[in-house]
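Take 79 as the starting number for the sequence shown in the numbering used here and just add one per residue.
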Amino acid sequence: MLCIGGVVIHKENARCPSRTHRLPWYAATLILALCRTSSADDIARWTFETSIPAAAGPFAAEAGTYATSSFASGLHANAATYSSPSGNGSLHSFSSDNWSVGDYYQINTSSLGYTQLNLYLDQVSSNSGPQNFHVEYSTDGTTFHDLTPFNSNATYNALANSNPAWNATTPRTGDNKTIALLQIHALDNQPILDFRFVDTTTLSAANGTVGSSGTSRVDNILLTGVPISSTVAGDYNQNGVVDEADYVVWRDHLGQSFGSNGYLLPNDGGTSIGVVDQADYNYWRSRFGATSGAGSLASFAVPEPSTLLLLAGSLLAISNRRPEKRK
Ligand SMILES: [Ca+2]
Ligand SMILES: [Ca+2]
Ligand SMILES: [Ca+2]
Numbered sequence: 079m080l081c082i083g084g085v086v087i088h089k090e091n092a093r094c095p096s097r098t099h100r101l102p103w104y105a106a107t108l109i110l111a112l113c114r115t116s117s118a119d120d121i122a123r124w125t126f127e128t129s130i131p132a133a134a135g136p137f138a139a140e141a142g143t144y145a146t147s148s149f150a151s152g153l154h155a156n157a158a159t160y161s162s163p164s165g166n167g168s169l170h171s172f173s174s175d176n177w178s179v180g181d182y183y184q185i186n187t188s189s190l191g192y193t194q195l196n197l198y199l200d201q202v203s204s205n206s207g208p209q210n211f212h213v214e215y216s217t218d219g220t221t222f223h224d225l226t227p228f229n230s231n232a233t234y235n236a237l238a239n240s241n242p243a244w245n246a247t248t249p250r251t252g253d254n255k256t257i258a259l260l261q262i263h264a265l266d267n268q269p270i271l272d273f274r275f276v277d278t279t280t281l282s283a284a285n286g287t288v289g290s291s292g293t294s295r296v297d298n299i300l301l302t303g304v305p306i307s308s309t310v311a312g313d314y315n316q317n318g319v320v321d322e323a324d325y326v327v328w329r330d331h332l333g334q335s336f337g338s339n340g341y342l343l344p345n346d347g348g349t350s351i352g353v354v355d356q357a358d359y360n361y362w363r364s365r366f367g368a369t370s371g372a373g374s375l376a377s378f379a380v381p382e383p384s385t386l387l388l389l390a391g392s393l394l395a396i397s398n399r400r401p402e403k404r405k
């Protein structure tokens with residue numbers, strides 16, 4: 079059987095045994111495109127079980143595609159003590175004390191060859207350690223930007239490490255942070271991709287004021303991604319061909335921008351950078367039918383706008399159609 083989003087279509091219907099169930103070829107193509115699923119790879123994962131912190135770092139990632147070229151470190155404005163106490167269900171974490179606003183943990187890695195990224199970490203603080211953090215990203219290793227405008231989960235609280243405290247055997251699930259970067263294609267395929275987990279206030283985990291002996295510790299930092307399957311310019315859904323499915327992606331994100339919600343079209347050829355607009359539609363039209371490279375392919379027949387509206391309508395009708403009773 080096939081699926082559209084969460085809707086299942088039985089294969090016998092997709093094979094069009096009757097006029098009633100026959101799918102337009104472009105709808106079938108789109109269904110197949112929407113049904114593509116890919117599993118994510120670990121790009122870099124830090125457990126701090128082998129790279130055991132006793133200083134600010136850098137510490138190489140223990141696992142992942144770019145493990146040996148990815149590093150974690152810490153930075154404090156004032157002298158701090160770094161250590162490796164119990165992790166979240168493991169022997170070691172990356173911990174430090176004496177937190178000031180602006181201090182951070184950092185990972186230096188890369189998303190080269192990857193799209194649909196996700197970032198994970200576990201973090202906890204002592205009662206007098208810092209509570210409020212946000213995630214910043216950089217694609218040049220120098221200039222960092224707050225991720226929060228693109229994903230509200232990038233601003234988070236580190237809970238107090240008690241009842242129960244982190245220990246070597248049993249993880250606390252409430253300390254898992256997930257920052258989805260799936261739609262932020264500006265972070266795809268970057269030779270340099272760095273993240274900072276930055277202390278943003280003087281509020282402590284116990285809702286007092288951060289003290290010099292207060293600590294915050296991180297564990298299980300992980301960046302995942304799906305290998306990029308298509309770099310064909312104009313292929314917005316990354317299925318290897320510039321087709322009708324890309325129109326639907328464009329339409330669904332029309333008006334969005336990197337500044338507002340972090341969305342960028344994959345493979346947009348640098349067209350109207352930072353925003354999804356009419357120019358991206360024109361670019362898609364100029365590229366229709368392409369399976370490689372960049373440039374105009376005017377010889378391919380582009381569906382007319384009325385056909386594209388029918389396409390969207392057909393998919394809606396398919397998803398709402400109940401199976402016919404057999405006669
Ligand atoms: Ca650990
Ligand atoms: Ca496509
Ligand atoms: Ca654009």
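For every residue, glycine included, the Cβ atom is placed at its ideal position computed from N, Cα and C.
DSSP on residue i, reduced to helix/strand/coil?
| i | result |
| --- | --- |
| Thr125 | coil |
| Glu140 | coil |
| Tyr341 | coil |
| Leu112 | Its pLDDT being 42, under 50, Leu112 is placed unreliably in this model, and the coordinates cannot settle the point. |
| Val320 | coil |
| Arg250 | coil |
| Ala238 | strand |
| Val276 | strand |
| Ser216 | strand |
| Leu260 | coil |
| Leu330 | For the sequence presented, residue 330 should be read as Asp rather than Leu. Note: Asp330 maps to helix in three-state DSSP. |
| Asp297 | strand |
Could you round the C-beta distance between residue i and residue j to whole angstroms and report it? I think they count as a contact, below 8 Å.
| i | j | result |
| --- | --- | --- |
| Ile270 | Asp218 | 6 Å |
| Thr228 | Gly340 | This sequence places Phe at residue 228; Thr is not what is there. 3 Å between Cβ atoms; contact. |
| Ser178 | Ala155 | 5 Å |
| Phe172 | Ser162 | 7 Å |
| Val213 | Arg274 | 7 Å |
Among the options, which has the Cα closest to the Cα of residue i?
| i | options | result |
| --- | --- | --- |
| Ala138 | Tyr325, Ile185 and Asp313 | Ile185 |
| Ala311 | Phe126, Thr128, Phe366 and Pro208 | Phe366 |
| Ile121 | Thr143, Thr221 and Ala236 | Thr143 |
| Gly165 | Gly252, Leu300 and Ala246 | Ala246 |
| Leu260 | Pro344, Ser370 and Gly348 | Pro344 |
| Tyr325 | Thr309, Ser307 and Asp358 | Asp358 |
| Val304 | Tyr192, Gly286 and Thr125 | Tyr192 |
For residue i, is the classification buried or exposed, using 16 other Cβ atoms within 10 angstroms of its Cβ as the cut-off for buried?
| i | result |
| --- | --- |
| Val296 | buried |
| Leu108 | In this prediction, Leu108 scores a pLDDT of 42, lower than 50, which makes its location untrustworthy; the coordinate-derived value is nonetheless stated afterwards. Buried: at least 16 other Cβ atoms inside 10 Å. |
| Ala157 | exposed |
| Leu197 | buried |
| Asn298 | buried |
| Gln356 | exposed |
| Arg329 | exposed |
| Ala368 | buried |
On the DSSP bridge list, what partners appear for residue i?
| i | result |
| --- | --- |
| Thr226 | Answer is none; Thr226 lacks a bridge partner. |
| Phe211 | Tyr234 and Asp277 |
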